[in-house]
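Trainee:
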Amino acid sequence: MAQVSHARDSSSPDHPLTRVIDRLAQLLPAQGPISIFIHHNTLHAFEHLPFEEAVERAGARLGCEPFLSESRYRDKLASGRILAKDVEALLNEQLGTRGATEVAGVGSRFELWRAIVLHGIPAATGRELSWILEETESLARFRTDLPANARSASAVLREENDQVAEERRAVHRLWTACLAAVDRAGEYCVGATTVPVRHRDLLRAVCGIDTDEWIHPPLIRFLAGYLDQGLAHWSMPERNRGIHGCFLEIYGTSLAAQCGHWAHALPRLVGEDRAAERKALDSIANSLAELGVAAGDDDECADYLSAELLALRGWAGIVRQIEERPDRVPARDLTVTLRGYLAVRLLFERAAVDQAARQASFAGSLADLRRWLRSRLQGPKVPTALERAWPLFHVAQLCGLDASIVEQWTERHVAELESELQQIDNVRRRRILHQAFERTIRHRLYDALISHQPRALSAAPAFQAVFCLDEREESFRRHLEEVDPACETFGTAGFFNIAMYHQGVSDAHPRPLCPVAIRPEHYVAEIESEGAGFARRTRRLRRRATGFLGYNVHLGSRLPVRGAVLMTAFGWLALVPLVLRVVFPWLSSRWSRTHETSIDTVQTRLQLDRQDGPPPIGTYAGFTVREMADIVRRVLDEIGIRDRLSPLVLVVGHGSISLNNPHESAHDCGACGGGRGGPNARAFAHMANDPRVRELLVVDGLSIDGTTWFVGAQRNTCNNAITFFDEDLVPAPSRSVFERARQAMEAVRRREAHERCRRFDAVPSWYPPLAALAHVQGRAADLAQPRPEYGHATNAFCIIGRRTRTRGLFLDRRAFLVSYEPTRDEDGAILARIMAAVVPVVAGISLEYYFSYIDPTGYGSGTKLPHNVTSLLGVMDGAQSDLRTGLPWQMVEIHEPTRLAVIVEGSRDRVRRVVQSNPAIKRLVDNRWISLACLEAEAGALWEFRPTGFIPHTPEHALAMVTGGSAAWYQGKRGLLPPVTIVSEPSGVSSHSGRSM
97 MAQVSHARDS SSPDHPLTRV IDRLAQLLPA QGPISIFIHH NTLHAFEHLP FEEAVERAGA
157 RLGCEPFLSE SRYRDKLASG RILAKDVEAL LNEQLGTRGA TEVAGVGSRF ELWRAIVLHG
217 IPAATGRELS WILEETESLA RFRTDLPANA RSASAVLREE NDQVAEERRA VHRLWTACLA
277 AVDRAGEYCV GATTVPVRHR DLLRAVCGID TDEWIHPPLI RFLAGYLDQG LAHWSMPERN
337 RGIHGCFLEI YGTSLAAQCG HWAHALPRLV GEDRAAERKA LDSIANSLAE LGVAAGDDDE
397 CADYLSAELL ALRGWAGIVR QIEERPDRVP ARDLTVTLRG YLAVRLLFER AAVDQAARQA
457 SFAGSLADLR RWLRSRLQGP KVPTALERAW PLFHVAQLCG LDASIVEQWT ERHVAELESE
517 LQQIDNVRRR RILHQAFERT IRHRLYDALI SHQPRALSAA PAFQAVFCLD EREESFRRHL
577 EEVDPACETF GTAGFFNIAM YHQGVSDAHP RPLCPVAIRP EHYVAEIESE GAGFARRTRR
637 LRRRATGFLG YNVHLGSRLP VRGAVLMTAF GWLALVPLVL RVVFPWLSSR WSRTHETSID
697 TVQTRLQLDR QDGPPPIGTY AGFTVREMAD IVRRVLDEIG IRDRLSPLVL VVGHGSISLN
757 NPHESAHDCG ACGGGRGGPN ARAFAHMAND PRVRELLVVD GLSIDGTTWF VGAQRNTCNN
817 AITFFDEDLV PAPSRSVFER ARQAMEAVRR REAHERCRRF DAVPSWYPPL AALAHVQGRA
877 ADLAQPRPEY GHATNAFCII GRRTRTRGLF LDRRAFLVSY EPTRDEDGAI LARIMAAVVP
937 VVAGISLEYY FSYIDPTGYG SGTKLPHNVT SLLGVMDGAQ SDLRTGLPWQ MVEIHEPTRL
997 AVIVEGSRDR VRRVVQSNPA IKRLVDNRWI SLACLEAEAG ALWEFRPTGF IPHTPEHALA
1057 MVTGGSAAWY QGKRGLLPPV TIVSEPSGVS SHSGRSM
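Next comes the structure, spelled out in structure tokens:
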């Protein structure tokens, strides 16, 4: 085989296709590798549009649902999760003066829309409609869900006299009248339909040939091998040439013939690119010309290329993510570009379309094929008389019209009603119902925040604990304050303002620990602090030997000969651990923890001080003392405790550790970019304890008392384990309060697990806290557990303000809690920093859960059951599929899909200035991707942001009070609960009032 030189595919900003590809890349999922799961707005490319318009346009483009099904919303109406008064308020707001207009003599537009939205019109066409008309009672009985003011005379007669025959005649006459009205109305006006862009879509519509079924299997195999981060048994050759160059080298051989019968033209196409020494962009331009797509026409070119990218948007998305952020994967030197992917895909496309054209008996060029296929497309389907009469039949019933009125309808009446029905179609009804659903949820929280009485400590706190703002910490903080009322808790972004690449003592590669929008400059390593010399080398060799042995056993067990020998000789050794993991996962978890603490336990430290020489990644190894002081000062300023620190301050990050869970990183800290926040908490505590840092802080006007000590910790949100770092450094004067805090945290572990277990159907409601803790530990170690924890499911709110406003308020693990002291921030600078760091992160989490629930297979990754990890980058369904992005159903099944409600404590003017000064937040708020409200605590008022400005909220619900602690409210309840005020009673007496939601 002749060797052709392929330089690394350098960026070509002057190439006309570069701009087009970069713009189209915004449409792709921005989810990184699955080991560094980044929560983000699934529809980030549509954020410039109002939310409702965006989800509908994205749904049409991506083939996904914009909202839940109408039947799901009707279930929520029946259960009280959606209130009729909220629907009416929204209709009044959206219709305005148009609501009073009379429509076709059936009533006002408001009355018509209200009836249709609240009661619905069953969607049915074609054979389904014929079956309904012939096999059901639709033409024999009136609807049973008619509003009270819409009862026809015949329906009333039936109720009073049970005259079934009379009702049957009345219903049949009404149906006949609707059919006659449609017949009088003439032809139905059908709108224009969208003509497919891709050859594949045209071929499937005209000839029944799906070329993606040919292309995708070999393309996925090639991408999985090329992008592999260490899962493959051996590495694909020629990866240094880029995706396109590697493809030309490999598929220039007989390998192309292995793709299938359709790929007979592929060797020729590969040979042409090799002979012409085309780079990726030139190959794309050539392929577009051959396919009849005008590369000079930006619109046509963009439409075609976007359709090709979205055909495998998961794989295309991960290609783009690695291209932009190679620091998130181990194989950082791999040349990965989206243009390389497109070049390869279009070569496959040309080969497949060439074969399909032969099968379709088309003898012309590929450039003429699209025109030929479009000429054979069928026109839009015109609805039949039955399909037109069906919605009119239901409108007549909902509006209380009998046949005598419908018989008088003219062409104008029918045209008006059909026009109105097009406006209030299925998608519009779902939109309104969804908005009402969110309104109900928001207003219950607003009412609670207004009614709840602030709670401040009567004395200086015994200790303070700074947690991540994560909504899973809401319950942990609440229980901690109930267990030890003398403690004070705070919430902030869980990377604690330390953006770094961190490499643990046993980590093979460093990973970024900071929000995804930040690219760290600092590298921090965890190093062993004891056993210098021989002992340290021994431990390192032991770890390497263990890793080498484990890898070879893993590899060998999958090979025929070596696998048979290994399983015969040593397979029985795996029997006991396997039985423990499957049958007694909690016992396996306990044994593993005991084993880990008894073997190879070593004391470590973080190498935080600036080091000479270049780091493995990033710009600097470690931080300067000045940088450390700035980090500490900023965090203490933001949470508002710079001048009132307690003797002990716990800094608690969080992460999630579970067995056999590819999406484990999605349960980790969002503020740490899908990493665990323990190293950040540990680093912050070390910085705050450093005497050099404290000296600089004094110069800056912040004095930390010599008796104050910071301790870093990490909570495992899956099994509720708490790990304290550098305990040996805690000074003697702080030991007693540290032990007090440790004991309180131990009690909280059990209580928080008990509250969390109420959402697991497998856990009996009578489980005591200790059994609940054992259960969550077992879930984390269970090999077959698809739901080790529910992560961010049920998140709905973000409250930025003083803890005194929410302390003692039961928020059901639904609220991101961010500490902010508005009385010390006159110019809004602190609030601006907080919102800039927090709002994009929590909005991304909320929206990813929203869309993964709305369409679990389109926006989410579907069920976990068929998932297989591929290339250490993501999961596929089975052995071969698109890379599944989004969240699996098991993570979102208890979620309520609602946009995040952000409530900020402070003046309206300050909040408005901050939002206006930050384009990203302004876009989210103005386009309603999140809602915004302002709590003016001193005035006891809450203001909700609207496009016209802030409007006051009037409380609608009373706030219940529960005595006896949180358990008195949630005990025995499975579903979501409304906010209540919790009053602890040490005596254990509990009583409560309130209603479960």
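Quick note, this note's numbering runs 96 ahead of the 1-based positions in the sequence shown.
Note that the Cβ used here is the ideal one computed from N, Cα and C, for glycine as well.
Quick caveat, the model's predicted, so the values are computed rather than measured.
So D973 is in the beta strand (DSSP E); what residue range does that whole segment cover?
Mentor: Element bounds for D973: 970 to 973.
Trainee: How would you write the range of the alpha helix (DSSP H) that P109 sits in, first residue to last?
Mentor: Unbroken run through P109: none, as it is neither H nor E.
Trainee: From the DSSP output, in three-state form, read off C274 for me.
Mentor: Helix at C274.
Trainee: N593 to N776, Cα distance in whole Å?
Mentor: So the alpha carbons of these two residues sit roughly 8 Å apart.
Trainee: State the DSSP-derived secondary structure class of E624, mapped to helix, strand or coil.
Mentor: It is a strand residue.
Trainee: Specify, as a first and last residue, the run of the alpha helix (DSSP H) that G931 falls within.
Mentor: A small fix is needed here, since residue 931 is Met in this sequence, not Gly. First-last of the alpha helix (DSSP H) with M931: 925 to 950.
Trainee: Taking E1052 as the reference, give the member of G718, S547, E577, E851 with the closest Cα.
Mentor: Of the candidates G718, S547, E577, E851, the one whose C-alpha sits nearest the C-alpha of E1052 is S547.
Trainee: How big is the Cα-Cα spacing for A717 and D705?
Mentor: Rounded to the nearest angstrom, the two C-alpha atoms are 8 Å apart.
Trainee: Given a cut-off of 8 Å, decide if Q810 and G766 are closer than it, judged by their beta-carbon atoms.
Mentor: No. Outside cutoff.
Trainee: Determine the closest residue to R738 out of R790, R1024, E198, with distance taken between C-alpha atoms.
Mentor: It is R790 whose Cα lies nearest to the Cα of R738.
Trainee: Just the Cα atoms here: how many angstroms apart are A456 and P125?
Mentor: Computed Cα separation, rounded: 35 Å.
Trainee: Considering Cα atoms alone, identify which of L327, V432, R875 is closest to H340.
Mentor: Comparing Cα positions, the closest option is V432.
Trainee: Specify whether the region 882 to 896 and the region 974 to 981 touch according to this definition: at least 3 beta carbon pairs, one from each stretch, less than 8 Å apart.
Mentor: No: the two stretches stay apart, fewer than three of their Cβ pairs being nearer than 8 Å.
Trainee: Label R852 either buried or exposed according to how many other C-beta atoms from any shown protein chain fall within 10 Å of its C-beta, with 16 as the threshold for buried.
Mentor: Its Cβ being crowded by 16 or more others within 10 Å, R852 is buried.
Trainee: Enumerate in chain order the residues of its own chain whose CB-to-CB distance from P146 is below 7 Å, with the five nearest sequence positions on each side excluded.
Mentor: Here the set comprises N1023, R1024.
Trainee: Where does D764 fall in DSSP's three states?
Mentor: Coil at D764, not helix or strand.
Trainee: Would you mind working out which of Q451, P1048, A485 sits nearest E283, comparing C-alpha positions?
Mentor: Ranking Q451, P1048, A485 by Cα distance to E283 puts A485 first.
Trainee: Excluding the 5 residues flanking I501 on each side, which residues of the same chain have their C-beta closer than 6 Å to its C-beta?
Mentor: Answer for I501: no residue qualifies.
Trainee: Quick one: measure Cβ to Cβ for V833 and A558, integer angstroms, because I've assumed they're closer than 8 Å.
Mentor: Confirmed, Cβ separation roughly 6 Å.
Trainee: If you compare alpha carbons, which of V267, E567, G1045, P476 is closest to G749?
Mentor: Minimum Cα distance to G749 is reached at E567.
Trainee: Using a Cβ-Cβ cut-off of 8 Å (strictly less than) and excluding sequence neighbours within five positions of A463, which residues of its own chain qualify?
Mentor: So the qualifying residues of the chain are A385, E386, L387, G388.
Trainee: Pull up the CB-CB distance for S754 and A876, whole angstroms please, since I reckon it's below 8 Å.
Mentor: Indeed they touch by this definition, with Cβ atoms about 5 Å apart.
Trainee: Give me whichever residues DSSP pairs with C894 in a beta bridge.
Mentor: In DSSP, C894 forms a bridge with F912, V998.
Trainee: Using alpha carbons as the reference points, say which of H763, R615, G338, E189 lies closest to K375.
Mentor: Cα-wise, what sits closest to K375 is G338.
Trainee: Ends of the beta strand (DSSP E) at G808?
Mentor: Residues 805 to 812.
Trainee: Tell me whether C814 is buried or exposed, calling it buried when 16 or more other Cβ atoms sit within 10 Å of its Cβ.
Mentor: With 16 or more Cβ atoms within 10 Å of its Cβ, C814 is classed as buried.
Trainee: Pull up the DSSP beta-bridge partners for E584, would you.
Mentor: Looking at the DSSP assignment, E584 forms a beta bridge with Q560.
Trainee: Assuming the contact rule is C-beta atoms closer than 8 Å, V914 and T588 should be a hit. Round their C-beta distance to whole Å, please.
Mentor: Right, their Cβ atoms sit about 7 Å apart.
Trainee: Under 8 Å by Cβ, that's how I've got V745 and Q560 pegged, so tell me the actual separation to the nearest angstrom.
Mentor: Rounded, the Cβ-Cβ distance is 5 Å, consistent with contact.
Trainee: Taking only three categories from DSSP, how would you classify E76?
Mentor: A question about residue 76 goes unanswered here, because the residues of the chain that appear run from 97 up to 1093.
Trainee: For the candidate residues D394, W330, G413, F444, whose alpha-carbon lies nearest to that of D369?
Mentor: Taking only the C-alpha atoms, the option nearest D369 is F444.
Trainee: Identify whether V1079 lies in helix, strand or coil by the three-state DSSP scheme.
Mentor: In the structure shown, V1079 sits in a strand (DSSP, three-state: E or B).
Trainee: Give the single residue among A1037, D118, E992, G954 whose Cα lies nearest to the Cα of R980.
Mentor: Of the listed residues, the one whose Cα sits closest to R980 is G954.
Trainee: Given that a residue counts as buried once 16 or more other Cβ atoms are within 10 Å of its Cβ, and exposed if not, what is W411?
Mentor: It is buried - the Cβ of W411 has at least 16 other Cβ atoms within 10 Å.
Trainee: Do you know offhand how far M987's Cα is from P829's?
Mentor: Between M987 and P829, the C-alpha separation is close to 44 Å.
Trainee: Can you round the beta-carbon distance between V1000 and G924 to whole angstroms, since I take them to be within the 8 Å contact cut?
Mentor: In fact, because the Cβ distance is near 10 Å, the residues do not count as touching under 8 Å.
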